[in-house]
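Heads up: the structure comes next, in structure tokens.
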Amino acid sequence: MQHRQFFSSLCGNFSASISITFITAASYKEMPTKNILSIFFGADINKKLMISMKPFYNRNDLIIAAGIDYQTASNEERVNAMAKGKAAVMNNVWRTISGHAGLAIPQQNFVLIDDNPINRFAAMRRGFQVINPAAADYASVLSLFTSKLPATNIFSPHRDNYCDTDCPVKSVYS
Numbered sequence: 655m656q657h658r659q660f661f662s663s664l665c666g667n668f669s670a671s672i673s674i675t676f677i678t679a680a681s682y683k684e685m686p687t688k689n690i691l692s693i694f695f696g697a698d699i700n701k702k703l704m705i706s707m708k709p710f711y712n713r714n715d716l717i718i719a720a721g722i723d724y725q726t727a728s729n730e731e732r733v734n735a736m737a738k739g740k741a742a743v744m745n746n747v748w749r750t751i752s753g754h755a756g757l758a759i760p761q762q763n764f765v766l767i768d769d770n771p772i773n774r775f776a777a778m779r780r781g782f783q784v785i786n787p788a789a790a791d792y793a794s795v796l797s798l799f800t801s802k803l804p805a806t807n808i809f810s811p812h813r814d815n816y817c818d819t820d821c822p823v824k825s826v827y828s
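Under this note's numbering, the first residue of the sequence shown carries the number 655, and numbering increases by one thereafter.
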């Protein structure tokens, strides 16, 4: 329910002033995934358009961004590569949007919502904000995030709480 309210708020109030990019470490195909997202978030035409027009990156894109031979890599190498790939894609999106806008948009204005601590840590290492949807305070953090939109306001939830104490720093950046 929190995801639906959050996305509805983004579509309704901020669609002209924000950018959403879908990034998944799974091998999901773009169109079927966007169709499922459209169904999940409702039949509203504005939501469908917003979903259909946004960039989408899947495992194949992350493999390229991470520069790994996914077929021969161990499971740990794959997990770490997907985290690095997500952070690299975020970095590319940030550079592209900043370049198109002709502005130096702070990396802190880019937020990764991800339940994996490795992915969150990799994004934080690049200077991006992170939100853990599995955290007990997820609803309040989403509310805080939405209150800081449009992106001229800096969103900064207690960042240190979003890299879990078991965050595998050594395995990601050793």
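Backbone N, C-alpha and C fix where the C-beta goes; we use that ideal spot for every residue, glycine too.
Here the structure is a predicted model, which is why all the values come from computation and not from measurement.
Shown here for PHE764: same chain residues with a beta carbon closer than 8 Å to its own, the five before and five after excluded, namely MET744, VAL747, TRP748, PHE782, GLN783 in chain order. For ILE718, the closest alpha carbon among the candidates LYS740, ILE699, LYS701, ASP698 is that of LYS740.
Taking a contact as a CB-CB distance under 8 Å, the pair ALA679 and LEU716 counts as one, their CB atoms being some 6 Å apart. Listed in chain order, the non-local C-beta contacts of ARG732 below 7 Å within the same chain comprise TYR724, local neighbours out to five positions each way being set aside. Per DSSP, the beta bridge partners of PHE710 are PHE676. Contact between ILE677 and SER692 is absent: CB atoms are separated by about 18 Å, not below the 8 Å threshold. The DSSP assignment places 765–767 as complete runs of the beta strand (DSSP E) inside the stretch 742–768, in order along the chain (cut-off: 3 residues).
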